[in-house]
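Residue numbers (the numbering used here): 1271 to 1886.
Here's the structure, in structure tokens; my notes come after.
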């Protein structure tokens, strides 16, 4: 029976207004003609860069050093064009914005014209290389400060200083120190510093998938995620919270950014959670857990997973397969915590008449998921992520034409790829900063020494070592995007785990998880603070609720270290047994935390659930 549309909850979402970068430009209506011309020029650069990325994915682009250097320089130019030196300003400052803008434009010209000579000068640094390299490092630090934050910028600067100050550091942290020429040679001329794997991934695979995500959301896929989730779970106890987990998880695997995901879905899911009776802090915590967890859910998993494939030499689709069971267990545990909370509070779901119809949702926009399936199929067949991403974009543009509601005109397509480039700026800056840190760690040998120190402190025992690296991962991950945290951790901490026999993929996923879930860990729980603002809750209490709901994110890394069947290691019966015991163990732990199973539990029953969870 068809319901009256006016009775339904308004779940509409406008993806075109989600970019923080766009807000910088759109706060005033009275633009001067010169500034409008400037905006058109920047739009042309963004669109031109997007088309070059698509072309290079299909036919190949510039040589490696030139491609990465020009890409980074152009990203700096766009960063200083769109992100003002001071938050809240919507006009370029004549000194603090225009000067770095002009300097970054000069870098674009230099990096384009200097090739191939500059790449052949390894160990023979010229004054012009020193000037360009110094300028690029300084601009990257400022770009990171504007887009990522002062913590990441300070850490990047610290590692540059550490290259020279090694003789002044005690013990294993010390090293002989290096000359400025050696620094420029590593950071700028070689591909071991700024232009190392993080920028390589950002300028090839990552940028393609960010373009894909922008185009996908422009077709109305964000609306599909929300409608689909509510049509499936809205009627259950705590339905809006369960829908938040599902929709945010689906959105997160596309965007690969917990904060961006929370700002896209939170304004719609959090009020509905509040409406059925959840508290402000719990509602914000649910959204933070779901948004942050989207980064561990295949098939895309965000930027860091592509870098992991490069570091480990394991094909990306294989990494996605390894990560699938832990990701499903994470969202299962979060959903169970939400359901038990609803049972405790006696909450109900939403009436059927106020929810989207499942089959109507599938018919209207379900076909938009076909490009995601295409990505998985192509990578299983051995195609590179770049080629899979390119064909996914082509197929998405074609199938969007099937219905008027999803149809992409040429103007809408140009707007989508322009927005995709703008949205990628902060991630590119994070990758550039991570490249500097990686270069410094490689130069100074810090990664090897840190691993040796961690092994020595733990006495070579696995559990103490895991605890040490967990704490280091959470601290390093606080206030930083996942890609930056993962690159640093993979360079510094993974070696210690592999030294004591942990498989490479398990070691990388261990630090990957804790780098991600530092975003919901007090005191610097960035994603939780964002959702607390949307829910008008208390930031610290919301972050503690996030930790409580998302506790599986802190348990699963230990589980797949000690139980590698969760990473598909072993025979099929062994994997089934391992996954089964892990699932029952998580159910028991959820009942222990919530103090509720079929009904409220007493102290003895809670202790029994904890004992069962520990054994399983």
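By construction, the Cβ of each residue, glycine as well, lies at the ideal position given by its N, Cα and C atoms.
Looking at the unbroken alpha helix (DSSP H) that takes in residue i, where does it start and where does it end?
i            : result
residue 1778 : 1774-1787
residue 1557 : 1550-1563
residue 1386 : Per DSSP, residue 1386 belongs to no alpha helix (DSSP H) and is neither H nor E.
residue 1537 : 1528-1546
residue 1493 : 1491-1503
residue 1582 : 1573-1582
residue 1809 : 1809-1819
residue 1326 : 1303-1329
residue 1726 : 1716-1728
residue 1623 : Neither: residue 1623 is in no alpha helix (DSSP H) and is coded neither H nor E.
residue 1806 : Looking at the DSSP string, residue 1806 is not in any alpha helix (DSSP H), and its letter there is neither H nor E.
residue 1657 : 1655-1669
residue 1245 : Absent from the model: residue 1245. The displayed extent of the chain is 1271 to 1886, so no value can be given.
residue 1646 : 1640-1650
Where does residue i sit, in a helix, a strand or coil, going by DSSP?
i            : result
residue 1799 : helix
residue 1866 : strand
residue 1874 : helix
residue 1446 : coil
residue 1689 : helix
residue 1828 : helix
residue 1439 : coil
residue 1291 : Confidence is the limiting factor: at residue 1291 the pLDDT is only 40, short of 50, which leaves the residue's position unreliable, though a coordinate-based value still follows. Helix.
residue 1834 : helix
residue 1886 : coil
residue 1843 : helix
residue 1367 : coil
residue 1790 : helix
residue 1468 : helix
residue 1741 : helix
residue 1699 : helix
residue 1457 : helix
residue 1336 : helix
residue 1478 : helix
residue 1763 : coil
residue 1681 : helix
residue 1630 : helix
residue 1570 : coil
residue 1615 : helix
residue 1603 : helix
In terms of DSSP beta bridges, what is residue i paired with?
i            : result
residue 1609 : Paired residue(s): none; residue 1609 is not in a bridge.
According to the Cβ coordinates, are residue i and residue j closer than 7 Å?
i            : j            : result
residue 1512 : residue 1608 : yes
residue 1320 : residue 1482 : no
residue 1691 : residue 1349 : no
residue 1798 : residue 1423 : no
residue 1495 : residue 1520 : yes
residue 1704 : residue 1781 : no
residue 1459 : residue 1392 : yes
residue 1776 : residue 1831 : yes
residue 1351 : residue 1688 : no
residue 1761 : residue 1466 : no
residue 1473 : residue 1686 : no
residue 1795 : residue 1829 : no
Please decide whether residue i counts as near chain C, where near means a Cβ-Cβ distance under 7 Å.
i            : result
residue 1619 : In the displayed structure, chain C is absent; only one protein chain is listed.
Can you tell which of the options has its C-alpha closest to the C-alpha of residue i?
i            : options                   : result
residue 1810 : 1828, 1791 and 1820       : 1791
residue 1221 : 1648, 1761, 1813 and 1497 : No answer is possible for residue 1221: it lies beyond the span of the chain, which begins at 1271 and ends at 1886.
residue 1452 : 1469, 1433, 1439 and 1689 : 1433
residue 1334 : 1324, 1412 and 1461       : 1461
residue 1717 : 1406, 1444 and 1772       : 1444
residue 1636 : 1649, 1491, 1591 and 1719 : 1491
residue 1332 : 1747, 1381 and 1880       : 1381
residue 1540 : 1522, 1523, 1518 and 1524 : 1518
residue 1388 : 1843, 1846, 1346 and 1340 : 1340
residue 1413 : 1400, 1807, 1484 and 1347 : 1347
residue 1667 : 1489, 1377, 1446 and 1410 : 1489
residue 1464 : 1504, 1440 and 1403       : 1403
residue 1671 : 1634, 1864 and 1447       : 1634
residue 1867 : 1554, 1612, 1421 and 1645 : 1612
residue 1588 : 1549, 1647 and 1824       : 1647
residue 1845 : 1499, 1398 and 1594       : 1594
residue 1327 : 1310, 1567, 1416 and 1479 : 1479
residue 1657 : 1303, 1330 and 1307       : 1330
residue 1552 : 1789, 1814 and 1733       : 1814
residue 1409 : 1390, 1355 and 1736       : 1355
residue 1714 : 1566, 1439 and 1746       : 1439
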